[in-house]
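Remarks on the structure that follows.
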Amino acid sequence: MARPKAFDRDAALAAATKTFATYGFEGTSTALLVKSMGIGRQSLYDTFGDKHALYLEALQHYCFDSVGQLAAALQSAGSPLARIEAALLGFAARIQDDTMCLGVGSICEFGRRDREVAAIGKSSATSLQNIFAATIQRGKDLGEIPPEIDPKDAARFINATFIGLKVMARGGATHDDLRATVQMALRCLG
2 MARPKAFDRD AALAAATKTF ATYGFEGTST ALLVKSMGIG RQSLYDTFGD
52 KHALYLEALQ HYCFDSVGQL AAALQSAGSP LARIEAALLG FAARIQDDTM
102 CLGVGSICEF GRRDREVAAI GKSSATSLQN IFAATIQRGK DLGEIPPEID
152 PKDAARFINA TFIGLKVMAR GGATHDDLRA TVQMALRCLG
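Just add 1 to the spot in the sequence shown (first one is 1) and you have the working numbering.
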């Protein structure tokens, strides 16, 4: 009879996600994962498969949570333009540590070389752009955003800004640098 797992799977996955976000896939050894997750090597393999399978699960979980949090923030009551500003500024305020966004980190590290990683990234980007486009359309409907702004084009731009903020922060940009970038992006919307 198999022994029951003596660890919290969700907590172990969260620890792996943070480790991958900090060190990347290549920079994360199995020994580092075992240590950060607080589990044995065999438990890692029995529960998550190999390192790549764990990375895919961590990336999928991270992207799903991130998109959900952003959707909730953008769909809450209030001015759509103010919601976009709050989401971008709130994000800029949170990314002043050395942890990279796992989604952006996966793009930087893998590009399109790994089809499974790329598929998760593409799905997440599409979801983000759809959420931004819907928010921008609400802004147009309320007269906050000029009618000539195309919501899909603007959503791609805001998503690119979002990604750029993550890379800037990882490179050491100050909060003032990030805030100025957000303000410039918002000026482009209206």
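From the three backbone atoms N, C-alpha and C, an ideal C-beta is built for every residue, glycine too.
Under the three-state reduction of DSSP output, Glu110 falls in the helix class. In the three-state reduction of the DSSP assignment, Cys64 falls in the helix class, which pools H, G and I. In the pairwise beta carbon analysis, the stretch 65 to 75 is classified as not touching the stretch 27 to 45: fewer than three pairs are separated by under 8 Å.
Using a 10 angstroms sphere on the CB of Met185, the tally of other CB atoms stays under 16, which defines it as exposed. Segment contact: the stretch 153 to 168 against the stretch 85 to 95, three or more CB-CB distances shorter than 8 Å; contact assigned. For Asp47, the enclosing alpha helix (DSSP H) covers residues 42 to 49. The straight-line gap separating the alpha-carbon atoms of Ala126 and Gln61 is approximately 12 Å. Apart from sequence neighbours up to five positions away, the residues of its chain that approach Met38 with a beta-carbon distance below 6 Å are Ala13, Ala16, Ala17, ordered along the chain.
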